[in-house]
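**Student:** After the structure tokens below, expect a handful of questions from me.
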Amino acid sequence: MSLFITDECINCDVCEPECPNDAISQGEEIYEINPNLCTQCVGHYDEPQCQQVCPVDCILIDEENPETPEQLMAKYEKIIQFK
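Here the UniProt record's numbering is used: the first residue of the sequence shown is 1, the next is one more, and so on.
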């Protein structure tokens with residue numbers, strides 16, 4: 001599953017540079033995660049880096065975008081083809 005950022009986000013700017021897929025961007029009010037680019041860092045790291053650096057723990061699993069580890073790896077492989 002991809003991740004999403006809750007409205008508890010304090011716009012601290014630490015998550016965006018940590019995302020290896022450039023899935024995180026500044027939205028109108030808070031940072032947002034593009035579910036088409038989020039792989040939970042599968043293919044890059046063992047854990048989602050944005051969750052590791054978030055000081056308020058506002059980055060959660062997006063239950064509306066369920067994906068298996070295999071689907072996340074396939075998404076990662078597709079993303080790196082175009083970088």
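Don't be surprised by glycine CBs; every beta carbon is placed ideally from N, CA and C.
To the nearest angstrom, report how far apart residue 56 and residue 81 are at their CA atoms.
**Tutor:** Approximately 33 Å, taken between the alpha carbons.
**Student:** Go ahead and label residue 78 buried or exposed: buried means 16 or more other beta carbons lie within 10 angstroms of its beta carbon, across all protein chains shown.
**Tutor:** Exposed, because fewer than 16 other Cβ atoms sit within 10 Å of the Cβ of residue 78.
**Student:** With a 10 Å radius around its C-beta and 16 neighbouring C-beta atoms as the bar for buried, classify residue 45 as buried or exposed.
**Tutor:** Classification of residue 45: exposed, given that the 10 Å Cβ count is below 16.
**Student:** Please tell me whether residue 49 and residue 18 are closer than 8 Å, where the distance is taken between their beta carbons.
**Tutor:** A contact, by the Cβ cut-off of 8 Å.
**Student:** DSSP three-state label for residue 31, please.
**Tutor:** Strand, per DSSP.
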